[in-house]
Amino acid sequence: MSTLLDVEQLLDTLETGMRRLIEERGIESPLVIGIRTGGVWVADILGKRLGIEEPFGELDISFYRDDFSRIGLNPRVTPSSLPFDTEGRNIILVDDVIMSGRTIRAAMNEIFDYGRPARIILAALIDLGARELPIRPDVAGQSLELNAGQRVKLRGPDPLRIEFQEAGH
Numbered sequence: 001m002s003t004l005l006d007v008e009q010l011l012d013t014l015e016t017g018m019r020r021l022i023e024e025r026g027i028e029s030p031l032v033i034g035i036r037t038g039g040v041w042v043a044d045i046l047g048k049r050l051g052i053e054e055p056f057g058e059l060d061i062s063f064y065r066d067d068f069s070r071i072g073l074n075p076r077v078t079p080s081s082l083p084f085d086t087e088g089r090n091i092i093l094v095d096d097v098i099m100s101g102r103t104i105r106a107a108m109n110e111i112f113d114y115g116r117p118a119r120i121i122l123a124a125l126i127d128l129g130a131r132e133l134p135i136r137p138d139v140a141g142q143s144l145e146l147n148a149g150q151r152v153k154l155r156g157p158d159p160l161r162i163e164f165q166e167a168g169h
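Sequential numbering from 1 applies to the sequence shown in the UniProt record's numbering.
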């Protein structure tokens with residue numbers, strides 16, 4: 001296990017890119033939703049940095065995963081919490097690491113069960129680019145390519161740190 005990336009630097013890049021995107025698109029009063037667990041940690045920080053006053057939402061996408069019937073239920077499933085109405089709102093959906101796009105697809109399915117947002121902007125701390133679905137972050141802290149068998153994991157919440165692991169460890 002080794003830590004090679006500076007989380008603060010990735011958060012700075014993510015914040016700068018998100019501010020630019022919000023300004024370019026003329027977005028007012030966005031809501032922030034994080035995907036458990038690492039996405040929630042990043043959403044909390046990003047929302048504060050962007051000065052978003054409404055509380056952020058938390059999604060547990062366990063029941064929305066397309067492999068639910070194959071892998072079963074995570075024993076630590078907790079209810080999602082969206083303390084706001086998503087209908088017609090601009091949503092910043094945040095995850096720590098995006099790889100295949102399947103987690104994001106599940107998260108969007110759950111969001112639409114709460115209401116139809118005006119738009120969803122996807123922010124990820126790390127983009128691994130290993131797509132299985134045509135889903136890409138609008139803003140990422142950094143894009144990486146991993147070696148075969150290598151994994152990346154955000155640990156936290158205090159302090160946040162990124163760990164690289166070899167499969168099987």
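Where a beta carbon is used, it is the ideal one built from N, C-alpha and C, also for glycine.
Task: C-alpha gap between M18 and A148, whole angstroms - done: Position 18 of the sequence shown, counted from the start, is the residue given in the question as residue 18. Position 148 of the sequence shown, counted from the start, is the residue given in the question as residue 148. If you draw a straight line from the Cα of M18 to the Cα of A148, it comes to about 31 Å.
Task: Integer-rounded CB distance, given that I92 should sit under 8 Å from V32 - done: Locating residue 32 in the sequence shown gives position 32, where the first residue counts as 1. Locating residue 92 in the sequence shown gives position 92, where the first residue counts as 1. Between I92 and V32 the Cβ distance is about 5 Å, and since that is below 8 Å, they are a contact.
Task: Whole alpha helix (DSSP H) elements within the UniProt domain "Phosphoribosyltransferase" (4-141), 4-residue minimum - done: Whole alpha helix (DSSP H) segments, 4+ residues: 7-25, 38-49, 68-71, 102-114.
TODO: Compare the Cα-Cα distances from E58 to each of D95, L10, A124 and report the closest residue.
DONE: If you number the sequence shown from 1, residue 58 lands on position 58. Distance from the Cα of E58 is smallest, within the candidate group D95, L10, A124, for D95.
TODO: Helix, strand or coil for E166, going by three-state DSSP, please let me know.
DONE: Numbered from its first residue, the sequence shown carries residue 166 at position 166. In this structure, E166 counts as strand in the three-state DSSP scheme.
Open item on the list: Report the CB separation of A124 from V97 in whole angstroms; it is logged as a contact under 8 Å.
Closed with: Walking along the sequence shown from the start, residue 124 turns up at place 124. Walking along the sequence shown from the start, residue 97 turns up at place 97. Yes, A124 and V97 are in contact; Cβ-Cβ is about 7 Å, under 8 Å.
Task: Rounded C-alpha distance that separates I111 from P117 - done: Against the sequence shown, residue 111 aligns to sequence position 111. Against the sequence shown, residue 117 aligns to sequence position 117. If you draw a straight line from the Cα of I111 to the Cα of P117, it comes to about 8 Å.
Open item on the list: For the beta strand (DSSP E) containing L154, name the first residue and the last one.
Closed with: Position 154 of the sequence shown, counting from 1, holds the residue named residue 154. From DSSP, the beta strand (DSSP E) with L154 extends over 150-155.
Open item on the list: Please classify S62 as buried or exposed, where buried requires at least 16 neighbouring CB atoms within 10 angstroms.
Closed with: Position 62 of the sequence shown holds residue 62. Classification for S62: buried.
Open item on the list: When you compare the CB positions of L5 and I162, do they come within less than 7 Å of one another, or not?
Closed with: Within the sequence shown, numbered from 1, the residue matching residue 5 stands at position 5. Within the sequence shown, numbered from 1, the residue matching residue 162 stands at position 162. Contact annotation: L5 and I162 have beta-carbon atoms nearer than 7 Å.
TODO: With a 10 Å radius around its C-beta and 16 neighbouring C-beta atoms as the bar for buried, classify G47 as buried or exposed.
DONE: Stepping through the sequence shown from its first residue, residue 47 is reached at position 47. The residue is buried, with at least 16 neighbouring Cβ atoms inside 10 Å.
TODO: Flag this pair as yes or no: are the beta carbons of Q142 and I126 separated by less than 7 Å?
DONE: Indexing the sequence shown from 1 puts residue 142 at position 142. Indexing the sequence shown from 1 puts residue 126 at position 126. Going by C-beta atoms, Q142 is nearer than 7 Å to I126.
Task: D137 versus Y64: straight-line alpha-carbon distance, rounded - done: What you label residue 137 is simply residue 137 of the sequence shown in a count that begins at 1. What you label residue 64 is simply residue 64 of the sequence shown in a count that begins at 1. The residue asked about is misnamed: residue 137 is Pro in this sequence, not Asp. Roughly 20 Å between the two C-alpha positions.
TODO: With a 10 Å radius around its C-beta and 16 neighbouring C-beta atoms as the bar for buried, classify V42 as buried or exposed.
DONE: By 1-based counting over the sequence shown, the position of residue 42 is 42. So V42 ends up on the buried side.
Task: Of the listed residues R102, T13, D85, T86, nearest to I45 (C-alpha basis) - done: Position 45 of the sequence shown, counted from the start, is the residue given in the question as residue 45. If you compare the alpha carbons of R102, T13, D85, T86 with that of I45, the shortest gap goes to T13.
TODO: Please report how far the alpha carbon of L10 lies from the alpha carbon of A167, in whole angstroms.
DONE: For the purposes of this step, residue 10 is taken as residue 10 along the sequence shown, with counting starting at 1. For the purposes of this step, residue 167 is taken as residue 167 along the sequence shown, with counting starting at 1. Each residue's Cα considered, the two are about 24 Å apart.
Open item on the list: Quick check on this structure: which residue in T86, R89, D60, G88 has the alpha carbon closest to the alpha carbon of V77?
Closed with: Working through the sequence shown from its first residue, we reach residue 77 at position 77. The candidate whose alpha carbon is nearest that of V77 is D60.
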